[in-house]
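In terms of this note's numbering, the sequence shown opens at residue 83 and continues consecutively. No residue lacks a Cβ here, since even glycine has one placed at the ideal position from N, Cα and C. Report on one structure; see the data block that follows.
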Amino acid sequence: MTMKTAIYPGSFDPITLGHLNIIRRAAEIFDHLIVCVGYNSKKNPMFTAEERVALIRNVTQDLPNVEVEASDELLAHYAARKGACVVVKGLRAVSDFESEFTMSMINKKLNPNLDTMFLCAEEKYMYLSSSAVKELGIYDVELSDFLPSEVIEDFKARLNARR
Ligand code: ADP
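So, in structure tokens, the structure goes:
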């Protein structure tokens, strides 16, 4: 049997418990999961791509089949180069679906060997996004329901530095 590699792409600025939940579930399904941090997905990111990679590596240390890297390559080409057959996406709401559906068709057009699989967000993370956490971070809100504990200190430090 050939090894099944999947890619989970995103901006992860920073990684949330919702992202981590998708990573853990996808790592159970596939032999090898590559978390791919996009360089140019956001104009003014809070963390550099390298910093985001380091944060994700730190919270996925216990998952031996998870690899994390940054890339600015077109996803369809990156997947082909990595020998990946599936792109994993998390779906929070129906509103996520429309753009994800279009993107999956474009990826399929560019790389016919590449399928997209959607994992439904777990109920408790349905409302969670990196941008929502950044809004909350400005206020004095307990973040442990939103971010991995290892990420909270770096996140707060970066928010303070930006102010
Ligand atoms: P965001 O900035 O909205 O958190 P990302 O680009 O970092 O988005 O997200 C990467 C992927 O993770 C996308 O497929 C997105 O739908 C998914 N995702 C984001 N947050 C969650 C969540 N709370 N639960 C499940 N999937 C999620």
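Requested in this report: Verify the CB distance criterion: does alanine 152 have a CB-CB separation below 8 Å to chain D?
Outcome: The displayed structure is made up of one protein chain only, and chain D is not part of it.
Query raised in the report: Are the beta-carbon atoms belonging to cysteine 118 and glutamate 151 less than 8 Å from one another?
Result: The answer is yes: Cβ separation under 8 Å.
Query raised in the report: CA-CA distance, methionine 128 and serine 212?
Result: Roughly 10 Å between the two C-alpha positions.
Requested in this report: Would you check if the stretch 139–146 and the stretch 172–185 touch, i.e. whether three or more CB-CB distances between them fall below 8 Å?
Outcome: They do not touch, by the three-pair rule.
Requested in this report: For the beta strand (DSSP E) holding arginine 119, just list the boundary residues, first then last.
Outcome: This sequence places valine at residue 119; arginine is not what is there. Unbroken beta strand (DSSP E) run through valine 119: 114–120.
Report task. Compute the minimum distance between the beta carbon of tyrosine 207 and the heavy atoms of the ligand ADP, and state whether it is under 7 Å. Result -> True, at least one ligand heavy atom lies under 7 Å from that Cβ.
Report task. Please list, in chain order, all residues of the same chain as aspartate 113 whose beta carbon is under 8 Å from its beta carbon, the five residues on each side excluded. Result -> The residues Met85, Lys86, Thr87 and Asn147, in chain order, have a CB closer than 8 Å to that of aspartate 113 in the same chain once the five nearest residues on each side in sequence are set aside.
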